[in-house]
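Quick look at the structure:
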């Protein structure tokens, strides 16, 4: 007899039974119900806590007074109680048993040990916080400075130091004493100087400044490579703030710096270094030379800017905020600044910022002040006579032509007479006219015939 039972397929074996699926669904529903029940219980507790807090009424003052009287009465009763020496042995044993049962009364509530007490059903959340002992701040808490911890075999040991408490009252007393002393000091009148004493004091200050300028200048001229920082110190004296000696000191510093730059400036133009040149390693001597050149160019630039600002302030009749120098004194300063620029124009035509000096000097040739105009004209004449290469002369001629056009030819005759001192010996007028004349686009018949051969001419 053949077995008619069919063998279950592989897919049927893998299929999950319906009972297992029902069990899974029941478990899921049970978990959801328990979670919802737990959430409802928590919400109920919160509602009860809020209700207790709202329903609780503040104690009236009369009840507080009654409680205080009751406490005093209990204290009196405790005082009247018999001492332990006069109690019987049975009473002592009874007291010890009661103490063991009521050990929670002697427990240190400030400790972090858990208290094994059963929770009551109607115990509210706020009552738990009320049971926490309060601490009165009778003394100020000491501040602690936390230091770096120390690592040991046992582990990391934290370190802390108490912050020292300063005696504020003592400090306040000292401050008041110092203020009183300062007031007493201010109340003392300054000594009144006679005109002779003031003149002596001014002469002494001026002598000190002169000695300082001379010391700095001699140090720079002796070793310019290593004393380039002193050049900055000397240039800072252009901002002298003492009103008694400010004008003379600034004039002396201007002239001193001009002579120093004329002496230490190299016979070539210093160009800025590229990024690749800065990145490459060089010898110490080369690096020192680079630093000197960089410092020299920067200080020379700042010096020229100071001279330009002095001239601008005088032209615009501006006073600085400090009001150290009057407007009348500014004219003398401006004249010295123009003299320095004229000297540098003639002495350093090859050095940096020469075109900037030309742009400053040429407009001053047409200045209303006769003295400044003559200074600039004479400087340009000297430059034309000395200039052998012609590059500086070309720059001056271009700026003058621009000035004349900008003024609509309304300039002094001295400005144009300067061109007579140019070093021009020969002028090829024909060549210049050919260069200026427009070129012809088409050749004439005669020009074409010249280029043709004999056969082509026939």
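Residue numbers (the numbering used here): 146 to 603. Just so it is clear, CB atoms sit at the ideal spot from N, CA and C, and this is done for glycine as well.
- Per DSSP, the unbroken alpha helix (DSSP H) holding residue 473 starts and ends at 472-492.
- In this structure, residue 556 lies near residue 549, with their beta-carbon atoms less than 8 Å apart.
- Under the three-pair Cβ rule at 8 Å, the region 507-517 does not count as touching the region 427-444.
- In the structure shown, the three-state DSSP call for residue 495 is coil.
- If you draw a straight line from the Cα of residue 293 to the Cα of residue 424, it is about 42 Å long.
- For residue 451, the closest of 481, 462, 440 by C-alpha to C-alpha distance is 481.
- Relative to residue 522, the option among 564, 339, 164 whose CA is nearest is 564.
- Per DSSP, the continuous beta strand (DSSP E) segment holding residue 291 begins and ends at 289-296.
- Here residue 504 carries a helix assignment [DSSP, helix/strand/coil].
- Per the coordinates, the alpha-carbon of residue 540 lies some 21 Å from the alpha-carbon of residue 410.
- Judged by DSSP in its simplified three-state form, residue 523 adopts helix.
- Around the Cβ of residue 298, a 10 Å sphere holds fewer than 16 other Cβ atoms; the residue is exposed.
- Non-local C-beta neighbours of residue 301 in its own chain, meaning closer than 7 Å and more than five positions away in sequence, comprise 294, ordered along the chain.
- Under the three-pair Cβ rule at 8 Å, the region 399-406 does not count as touching the region 416-423.
- Secondary structure at residue 303: strand, using DSSP grouped into helix, strand and coil.
- For residue 368, there is no enclosing alpha helix (DSSP H), as DSSP gives it neither H nor E.
- Inclusion of residue 414 and residue 501 in the CB contact set at 8 Å is not warranted, their separation being larger than that value.
- Inclusion of residue 456 and residue 479 in the CB contact set at 8 Å is warranted, their separation being smaller than that value.
- If you draw a straight line from the Cα of residue 412 to the Cα of residue 458, it is about 33 Å long.
- Within the same chain, 375, 378, 379 come within 7 Å of residue 361 by CB-CB distance, once the 5 residues on both sides are set aside.
- With a cutoff of 8 Å on beta-carbon distance, residue 528 and residue 491 are scored as near each other.
- In the structure shown, residue 589 falls within a coil segment according to DSSP collapsed to helix, strand and coil.
- In terms of Cα proximity to residue 525, the closest of 568, 349, 290 is 568.
- Residue 410 sits in coil when the DSSP states are folded into three classes, being neither helix nor strand.
- Within a 10 Å sphere around the beta-carbon of residue 461 sit fewer than 16 other beta-carbons, which makes this residue exposed.
- The closest CA to that of residue 476, considering only 393, 546, 382, is found on 393.
- In the structure shown, residue 554 falls within a coil segment according to DSSP collapsed to helix, strand and coil.
- Classified as exposed, residue 184 has fewer than 16 neighbouring CB atoms from the shown chains inside 10 Å of its CB.
- 495 is the residue among 495, 401, 559 whose C-alpha sits nearest the C-alpha of residue 534.
- Within the same chain, and ignoring the five residues on either side of residue 366 in sequence, the residues whose Cβ sits closer than 8 Å to its Cβ are 405, 408, 409.
- When the alpha-carbon of residue 532 is set against those of 562, 168, 566, the nearest one is in 566.
- In terms of Cβ geometry, residue 390 and residue 347 form a close pair [threshold 8 Å].
- Within the same chain, 287, 288, 289, 290 come within 8 Å of residue 307 by CB-CB distance, once the 5 residues on both sides are set aside.
- The straight-line gap separating the alpha-carbon atoms of residue 489 and residue 444 is approximately 14 Å.
- Taking all protein chains in view, the Cβ of residue 344 is surrounded by fewer than 16 other Cβ atoms within 10 Å, so the residue is classified as exposed.
- Looking only at 387, 418, 382, the smallest Cα-Cα distance to residue 401 is reached by 382.
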